[in-house]
Amino acid sequence: MAKIKYFYNPHSLDFEKVTTNVRGLAIRVFGFLSASIVAGAILLIVAYNYIDSPKEKMLKREIDLYKEQSELLNKKVDQLSGVLSELQDRDASIYRAIFEADPISANIRKGGYGGVDKYTELKGYASSGELIALHKRVDQLSKQLYIQSKSFDELAKLAENKNDFLAAIPAIQPVANKDLRRMASGFGYRVHPIYKTYKMHTGIDFTAPTGTPIYATGNGRAINPEDGMAGYGNHVMIDHGFGYKTLYGHLHRVKVKPGQKIKRGQLIGYVGNTGLSSAPHLHYEVIKNGKKINPINYFFNDLSESEYTAMRVLSERPTQSFD
Ligand SMILES: [Zn+2]
Numbered sequence: 066m067a068k069i070k071y072f073y074n075p076h077s078l079d080f081e082k083v084t085t086n087v088r089g090l091a092i093r094v095f096g097f098l099s100a101s102i103v104a105g106a107i108l109l110i111v112a113y114n115y116i117d118s119p120k121e122k123m124l125k126r127e128i129d130l131y132k133e134q135s136e137l138l139n140k141k142v143d144q145l146s147g148v149l150s151e152l153q154d155r156d157a158s159i160y161r162a163i164f165e166a167d168p169i170s171a172n173i174r175k176g177g178y179g180g181v182d183k184y185t186e187l188k189g190y191a192s193s194g195e196l197i198a199l200h201k202r203v204d205q206l207s208k209q210l211y212i213q214s215k216s217f218d219e220l221a222k223l224a225e226n227k228n229d230f231l232a233a234i235p236a237i238q239p240v241a242n243k244d245l246r247r248m249a250s251g252f253g254y255r256v257h258p259i260y261k262t263y264k265m266h267t268g269i270d271f272t273a274p275t276g277t278p279i280y281a282t283g284n285g286r287a288i289n290p291e292d293g294m295a296g297y298g299n300h301v302m303i304d305h306g307f308g309y310k311t312l313y314g315h316l317h318r319v320k321v322k323p324g325q326k327i328k329r330g331q332l333i334g335y336v337g338n339t340g341l342s343s344a345p346h347l348h349y350e351v352i353k354n355g356k357k358i359n360p361i362n363y364f365f366n367d368l369s370e371s372e373y374t375a376m377r378v379l380s381e382r383p384t385q386s387f388d
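Under this note's numbering, the first residue of the sequence shown carries the number 66, and numbering increases by one thereafter.
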């Protein structure tokens, strides 16, 4: 029920009813509503931008916690990387060196990310950069660890076979010291005795009289002569396993047959002058993984330090080889 309002009219000296104008009322209502909406909007904007809701406060606390944790994790990854790189260093410079395992390249050790972008689902957030960086570090660390553990597996196997390995690798002189006239020619560039040209000499020549015994320098098996080795005359080749082979050339007589198992120190033949040879001598080669290497590094079983040094000096003198 609307109240009826009256007002005093001084002209008629009477109270008269107040008649409300509909249009005026509408304007007043509209004005009030507009003011309320504007005020409300301003309030909302202020609240939205400057005042956190309890939920927002909680979320912000959570984000701070995550940031702290991610920093902590980064520090832990740093520590783990440090420990791992120490292991890698020791592995490369000590363990793999002792067992003569092939070195692992720095590139492989680094453990790349691989071509595919695995982190797309992490993109598009404020913390994407940090998160992806941390993921990459952990992934890389896992790969490096995997490579390191593979390396240790390999070494464990080598350690298991260590006795076989030590018995197999060439480790003595093929001709006894007492039988040697002199060390004729070492590994390196020498004048070829027959062609008289400067040529790589891929072994060591031991000068000794025809018929001097020649001994196998490590355990293994005699193998069939390879093609293109006529220049070595009568010769013996032994496969020692572990990537090692030895060759004994210009023999007067061969005492072993291809396929025969051979022990270190076993008589395998006698010094001679067969093939491309200018005087009785033994041409001795050590081959590792298909590459001819300096046999001087493989006499460690039967030379004293001074004998070794003397031999080394002699073997490096640029004399003519007997081939
Ligand atoms: Zn030679």
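Using N, Cα and C, we set each Cβ at its ideal position, and we do this for glycine too. Every value quoted in this text rests on a predicted model; they were computed, and no experiment measured them.
Check whether the Cβ atoms of residue i and residue j lie closer than 8 Å to each other.
i    : j    : result
V321 : V301 : yes
L152 : L206 : no
L220 : A166 : yes
I303 : R286 : yes
Y260 : Y254 : no
L347 : P258 : no
L223 : F164 : yes
T272 : F364 : no
I212 : R174 : yes
E350 : K356 : no
F252 : I352 : no
With DSSP as the reference, identify every bridge partner of residue i, one or two as the case may be.
i    : result
M265 : Y254
I303 : A287, T311
N74  : D79
P345 : Beta-bridge pairing links P345 to no other residue.
V111 : DSSP lists no partner for V111.
G337 : H346
L90  : L90 is not bridged to any residue.
P278 : Y335
I352 : K310, K357
K326 : R286
V319 : G334
Can you tell me the Cα-Cα spacing of residue i and residue j, whole angstroms?
i    : j    : result
L187 : N114 : 27 Å
Y71  : E121 : 55 Å
D143 : H266 : 51 Å
A236 : E136 : 54 Å
L245 : A232 : 24 Å
A198 : P168 : 30 Å
Y73  : T84  : 13 Å
T275 : F307 : 32 Å
N172 : G147 : 17 Å
A106 : S118 : 17 Å
Q325 : N242 : 26 Å
L130 : S150 : 30 Å
A157 : K140 : 26 Å
G334 : E225 : 33 Å
F80  : I69  : 12 Å
Q134 : Y190 : 17 Å
S170 : T277 : 45 Å
A162 : S193 : 43 Å
P75  : L98  : 35 Å
N359 : G293 : 21 Å
Under the assumption that residue i contacts residue j (Cβ atoms under 8 Å), give the Cβ distance between them as a whole number of angstroms.
i    : j    : result
H305 : N284 : 7 Å
G296 : G340 : 5 Å
L316 : N299 : 4 Å
K208 : G176 : 3 Å
N289 : P323 : 4 Å
Nearest to residue i by CA position, among the options, is which residue?
i    : options                : result
I159 : A236, I107, F217       : F217
Y280 : E350, N172, G330       : G330
A344 : D270, L332, T282       : D270
D229 : Y309, V83, S170        : Y309
I128 : I361, F252, G324, E195 : E195
L138 : K82, V103, S99, R202   : R202
F291 : G314, T277, T282, V103 : The displayed chain sequence assigns Glu, not Phe, to residue 291. Measuring from the Cα of E291, the nearest candidate turns out to be G314.
I327 : I234, N359, V256, S342 : I234
L332 : I102, Y184, T282       : T282
V256 : H200, S342, I92, M294  : S342
Any beta carbon of chain D sitting closer than 8 Å to that of residue i?
i    : result
A112 : No chain D appears in this structure, which consists of one protein chain only.
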